[in-house]
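Last residue of the sequence shown: number 278 in my numbering, and the count goes up by one each step with no gaps. Okay, so here's the structure we're looking at.
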Amino acid sequence: MDDILKSFSLEGKVALVTGATYGIGFEIAAAYARAGAKVAVNGHNEERLEKAGEEYRKLGLDVKTYLCDVTNEFDVDEMVGKIREDLGVIDILVNNAGMIKRIPMCEMSVEEFREVIDVDLTAPFIVSKAVLPGMIEKGHGKIINICSMMSELGRETVSAYAAAKGGLKMLTKNIASEFGSQNIQCNGIGPGYIATPQTAPLREPQPDGSKHPFDQFICSRTPANRWGTTEDLTGPAIFLASDASNFVNGQILYVDGGILGYIGKQP
12 MDDILKSFSL EGKVALVTGA TYGIGFEIAA AYARAGAKVA VNGHNEERLE
62 KAGEEYRKLG LDVKTYLCDV TNEFDVDEMV GKIREDLGVI DILVNNAGMI
112 KRIPMCEMSV EEFREVIDVD LTAPFIVSKA VLPGMIEKGH GKIINICSMM
162 SELGRETVSA YAAAKGGLKM LTKNIASEFG SQNIQCNGIG PGYIATPQTA
212 PLREPQPDGS KHPFDQFICS RTPANRWGTT EDLTGPAIFL ASDASNFVNG
262 QILYVDGGIL GYIGKQP
């Protein structure tokens, strides 16, 4: 039993979680620190990054923060170098930084589309490319891409997001294919609808106190009959970052309360 539990430990590992100033990224970074990892987090907003650092410290967690635009290759290379100096070579990367624009396709500008692709797909390529040489040097590594149910499904108003997350799913499989022989595992986590500040507008009660229509829709389509929490993602994130997943590669683990496996109730 001790050996089994030890395989889930992140003791002494160096982890970078991008976009970890709040929400899913914050929760995963905190979980990694509690599991024994030396954790670095990044954000592109200095004020928000400082606030997140304070929140980690309030939790008693020694998490180092780095200001960086993950869509800028020079900035990323510089950040990875600083992390190497401060903590060591990165063992675990979580590409969590992301954005969504809910705009009908015919109303979305090309610039808006490209911005989403840049953050949600190009940035994971840039950061992964920056950390892979160190992982090859070490002889092991874990890359976890935060994908989405939109890696599998489409929905109105999220054309750019769905395109980016579908691309991220295939980038995940390609990294696994290209670097698996170097003992590097690349997998994805596909969250369902998670209660975060980003999804808060979709859960706001109506003026009469009733549930938001989208809130009703999601709960009705989820066998768990609820939105997920950021804590629901920490177990899968630790598993995919640990030695317990050393023969798991190129997979997307959907943490969605069962939505993708459910056709819905008959009207």
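No residue lacks a Cβ here, since even glycine has one placed at the ideal position from N, Cα and C.
Residue i, buried or exposed, once every other Cβ within 10 Å from all chains shown has been counted against 16
{"i": "V25", "result": "buried"}
{"i": "L27", "result": "buried"}
{"i": "I15", "result": "exposed"}
{"i": "M146", "result": "buried"}
{"i": "T240", "result": "exposed"}
{"i": "Q277", "result": "exposed"}
{"i": "V74", "result": "buried"}
{"i": "L271", "result": "exposed"}
{"i": "N156", "result": "buried"}
{"i": "C79", "result": "buried"}
Unbroken alpha helix (DSSP H) run spanning residue i, endpoints
{"i": "Y67", "result": "57 to 69"}
{"i": "Q217", "result": "Unbroken run through Q217: none, as it is neither H nor E."}
{"i": "L143", "result": "134 to 149"}
{"i": "V81", "result": "Here V81 belongs to no alpha helix (DSSP H), and DSSP marks it neither H nor E."}
{"i": "D226", "result": "224 to 232"}
{"i": "G246", "result": "245 to 252"}
{"i": "K17", "result": "13 to 17"}
{"i": "R125", "result": "121 to 128"}
Where the beta strand (DSSP E) through residue i begins and ends
{"i": "P202", "result": "195 to 202"}
Paired residues, beta bridge with residue i - DSSP
{"i": "V291", "result": "The requested residue 291 does not occur in the structure, where the chain is confined to residues 12 to 278."}
{"i": "I331", "result": "A question about residue 331 goes unanswered here, because the residues of the chain that appear run from 12 up to 278."}
{"i": "V52", "result": "V28, T76"}
{"i": "L264", "result": "I200"}
{"i": "G239", "result": "I205"}
Helix, strand or coil at residue i according to DSSP, with G and I counted as helix
{"i": "N106", "result": "strand"}
{"i": "I186", "result": "helix"}
{"i": "I39", "result": "helix"}
{"i": "M181", "result": "helix"}
{"i": "L271", "result": "helix"}
{"i": "G92", "result": "helix"}
{"i": "A174", "result": "helix"}
{"i": "S159", "result": "coil"}
{"i": "A46", "result": "coil"}
{"i": "F85", "result": "helix"}
Proximity to residue i [Cα-Cα], best of the options
{"i": "K176", "options": "K153, G145, V130", "result": "V130"}
{"i": "K153", "options": "A255, G203, V52, G92", "result": "A255"}
{"i": "P234", "options": "G269, V127, I186", "result": "G269"}
{"i": "G34", "options": "Q277, Y204, L264", "result": "Y204"}
{"i": "V259", "options": "R237, K75, D226, I195", "result": "I195"}
{"i": "G246", "options": "A41, F228, H55", "result": "A41"}
{"i": "K140", "options": "I186, E123, L179", "result": "I186"}
{"i": "N106", "options": "G199, R237, Q262", "result": "G199"}
{"i": "G109", "options": "D86, T133, D102", "result": "T133"}
{"i": "E148", "options": "G178, G99, V121", "result": "G99"}
{"i": "L143", "options": "R95, F37, Q209", "result": "R95"}
{"i": "G47", "options": "E122, G23, P208", "result": "G23"}
{"i": "K184", "options": "S162, V169, A171", "result": "S162"}
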